[in-house]
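Read through the structure below, which is laid out as structure tokens, and then see the notes.
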Amino acid sequence: MDPEQSPAEPTASPDLLDDAFLALRERDRRLVLYFLLEHETASLSELADVVTAWSHADDSRVIEPRCRNQRYLRLRQVHIPKLVDADIVTHDEETGRVSLASCPEPIRELAARACAAEAGP
1 MDPEQSPAEP TASPDLLDDA FLALRERDRR LVLYFLLEHE TASLSELADV VTAWSHADDS
61 RVIEPRCRNQ RYLRLRQVHI PKLVDADIVT HDEETGRVSL ASCPEPIREL AARACAAEAG
121 P
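Printed below as a string of structure tokens:
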């Protein structure tokens with residue numbers, strides 16, 4: 001804990017942080033959050049494209065459409081709902097838009113640091 005911060009005045013509740021850590025333990029969910037930190041909102045289809053591309057960035061093989069479609073389904077059925085449950089993103093099922101929720105600053109900082117660590121030097 002930051003010595004400047006009083007333990008009586010936390011900026012995020014322990015439960016909120018626990019939920020965020022659980023939600024962000026999966027790489028695809030972190031990649032969604034990294035993209036939304038930059039762009040605020042995206043379609044589920046766009047997120048599937050981005051997450052698939054980033055996941056295969058070190059791979060010289062051509063990405064099969066099947067791989068992208070599987071990732072789209074996993075995002076829609078598993079990953080986005082978990083991020084919604086953790087109050088990290090919102091999902092408009094009618095439009096298919098996923099947006100960054102008004103999550104507390106500590107969650108955004110955590111995500112930014114994780115992004116920098118995963119991106120490397």
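Following UniProt numbering, the numbering of the sequence shown begins with 1 at its first residue and continues without gaps. Just so you know, even glycine gets a beta-carbon here, dropped at the ideal spot from N, CA and C.
Asked: Reduced DSSP category for Val62 - H, G, I as helix; E, B as strand; rest coil; Found: coil
Asked: Arg30 beta carbon less than 7 Å from that of Leu36; Found: no
Asked: Whether Gly96 touches Leu44 by CB criterion (7 Å); Found: yes
Asked: Close beta carbons around Ala53, own chain, < 6 Å, minus the five adjacent residues each side; Found: none
Asked: Within 7 Å, strictly: CB atoms of Ile107 and Ala20; Found: yes
Asked: Arg66 versus Ala57 - alpha carbon distance; Found: 17 Å
Asked: C-beta contact flag for Tyr34 and Cys103 at 7 Å; Found: no
Asked: Glu109 versus Leu17 - alpha carbon distance; Found: 12 Å
Asked: Beta-carbon spacing of Arg71, Val84 below 7 Å; Found: no
Asked: Residues sharing a beta bridge with Thr90, DSSP; Found: Ser99
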